[in-house]
Amino acid sequence: MQLLKWVLNLLLVCSMLQVFPLPLAQTICSEADRAALLGFKAKILKDRRVNTLALQRPERDSTLYMKGTLSSSLGSLQFLEVLFISGMKFITGPIPESLSNLSRLKQLVLEDNSLQGNIPSGLGRLSFLQTLSLAGNHFNGVVPLSLGNLRNLVMLNLGRNSLTGSIPSSFKNLVHLQSFDLSFNLLSGFVPEFLGQFHNITFIDLSNNQLSGHLPVSLFNLVTLSDLSLSHNQLTGSIPDQVGNLKSLTSLSLSHNKLIGPIPASISRLQKLWSLNLSRNGFSNPLPAISSKGVPSLLSIDLSFNNLSLGTVPNWIMDRQLSDVNLASCKLRGAFPKFRPDSLSSIDLSSNLLTGTISTHFTNMTSLQKLKLSNNQLKFDLSELKVPDGISSIDLHSNQVFGSLSSILNNRTSSFLEVIDVSNNLISGTIPEFTEGLSLKVLNIGSNKIAGQIPSSISNLIELERLDISRNQITGTIPASLGQVVKLQWLDLSINRLTGKIPTSLLGIHSLRHANFRANRLCGEIPQGRPYNIFPASTYAYNLCLCGKPLQPCKGKKQEMVQ
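With mature numbering (1 follows the signal peptide of the UniProt record, and there is no 0) applied, the sequence shown corresponds to residues -25 to -1, 1 to 538, in that order.
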């Protein structure tokens, strides 16, 4: 064979023991596996030089792993062209300085491990490098200026670390870049003007940093750019009219910044744009009047939480076959708008001034998965709400919804439904029985007029993570079966008329992070185990006679130490 290509996945990690005199990592392989691999190597009579080393956690068995640090002996593989180590969460420590000796290296991918420390400046000497990805580790410090020497780089990904400082000016030399990702770091300073010189670039993601200043006009001359994300920064100013020049753009995300002014009409020239997210800025009226032929590929739009005052949903949004419409806090008024029903999968019209009913609007929306209409003035009976079987999330909190929970929680409730939030409404009746097979993760029915008891069938909600029934008129005792809801993280039973004890079975919920039993008629000893005996005393305030840590000791019982 011309070149011996070593591909080491986690099922062959033991072979590392004979490749390197100094171990790259501690392995979990057995002596039998090690002997078998050494026997295989003994029968290889002739080979050339190692040019590829790839270690990746297998998708089918995440329990297999390597543990340890990267050995400096890796730097002795002088003919190595590809070094790929990914998904090894137990590989820690720094990148060895010796890797800068791998002068033939073309691809260096050390992503989604637990590597730490500074990025070695010596990597800037790997002049043949085309791909550099160190994403998803724990690197800190500044981005080395020397990386700007890697003039052959096509892909650079340093995302999901804790890097600080500004984007190095030396990066202006990386003119062959096609993909540039520095997202989810702590970078500050401006978005560099020199990005406009990357004429081959298709992907830029600088989101989730602390970048400030205006959007550089040069950025909007990149005719090959298809994906631009600058969301979750501190950018100011307005969107330049030149945004219409990005003729290849498919996705634009500028959300969670401080951008102002009107959205430029030139955005209508973006023929390939399918995702537009401008939410949580300061954009104001007027919204551009876009013809039926403008942005013809648009599928997803998010203009939520700006300074827009739309009144009604514009026709150019209403008449399209969109999959996601997010117009929260856009000062929409009047009746619920009638969208085209055949394509919508997600609707968020929360925090508006919508009134009236929504009784038949969703009957034909067979693709609908998420419905969020909270914080409006909608008034209808829950029994009128008809949603498709595949819906996963219903959020109607803070409206004037009335009726009984049994309209949406019954033996016909879809197993796809994961979130129900109907809190702060006018719902009455009782909590219905919960059937087996439900997939609910969030159930929030707080601040209503619900009476009756908590059914013991609550134990059927085996996926439940958040339960809030506070501020109702619930009576009876807390069922011991609640302790079987072991994935629960948030529990609020406050301001009801519950009696009896807090059952000790709740000690079986080890994932609980928040609980509130305040303002009921509970009595007896608080379960004496974590986290119940270390929650603040306010968790149990205004009950009849609760005792035990964190409250006063129960009468006749010596207070035990916190477990």
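Here a beta-carbon is modelled for each residue, glycine too, at the ideal position from N, C-alpha and C.
Item	Value
Whether Gly116 touches Leu90 by CB criterion (8 Å)	no
Supposed close pair His336, Lys313 - CB separation, criterion 8 Å	7 Å
Burial state of Gln1, where buried means 16 or more other Cβ atoms lie within 10 Å	No answer about Gln1 holds up, because its pLDDT of 44 lies below 50 and its placement is not dependable.
Integer-rounded CB distance, given that Leu128 should sit under 8 Å from Leu161	With a Cβ gap of about 23 Å, Leu161 and Leu128 do not count as contacting.
Of the listed residues Val218, Asn232, Tyr517 and Asp396, nearest to Ser241 (C-alpha basis)	Val218
Nearest-angstrom Cβ-Cβ length linking Leu234 and Leu251, presumed shorter than 8 Å	About 13 Å; that fails the 8 Å criterion.
Ile433 (DSSP reduced to helix, strand or coil)	helix
Whole-Å CB distance - Leu343 paired with Leu319, under 8 Å assumed	6 Å
Proximity to Gly475 [Cα-Cα], best of Leu497, Pro261 and Leu463	Leu497
Length of the line joining the Cα atoms of Leu328 and Lys306	6 Å
Counterpart residues of Trp465 in DSSP-defined beta bridges	Arg441 and His489
Backbone CA spacing between Gln153 and Phe409 [nearest angstrom]	52 Å
Paired residues, beta bridge with Glu500 - DSSP	Cys522
Three-way DSSP call (helix, strand, coil) for Asp216 in this model	helix
Reduced DSSP secondary structure (H/G/I, E/B, other) of Ile235	strand
Runs of alpha helix (DSSP H) wholly within the region 266 to 318 (minimum 4 residues, chain order)	290 to 293
Neighbour-count burial assignment, Ser486, 16 or more Cβ in a 10 Å radius	exposed
Residues near Asp467 by beta carbon distance below 6 Å, same chain, minus five either side	Asp443, Ser445 and Asn491
Proximity below 8 Å, CB of Leu157 to CB of Gly123	no
With 16 other Cβ atoms within 10 Å as the buried cut-off, status of Gly378	buried
Beta-bridge pairing of Val117 - partner residues as DSSP gives them	Thr139
Minimum C-alpha distance to Ser267 - residue among Asn281, Phe258 and Trp291	Trp291
Identified DSSP bridge partners for Phe409	Note: Phe409 sits in no beta bridge, so no partner.
Cα-Cα separation between Leu521 and Tyr507, rounded to whole angstroms	12 Å
Per-residue DSSP class, three states only, for Leu131	strand
Which residues DSSP lists as bridging Asp156, in chain order	Asn132 and Asp180
Per-residue burial, Ala7 [other beta carbons within 10 Å of its own, 16 or more giving buried]	exposed
DSSP three-state assignment for Pro(-3), whether helix, strand or coil	Residue confidence is low: Pro(-3) scores 40 on pLDDT, short of 50, so the model does not pin down where it sits. Its coordinate-derived value is still stated next. Coil.
From Ile395, Asn400 and Gly43, residue whose alpha carbon lies closest to that of Ile70	Gly43
Helix, strand or coil at Gly378 according to DSSP, with G and I counted as helix	strand
Within 8 Å, strictly: CB atoms of Phe155 and Phe169	no
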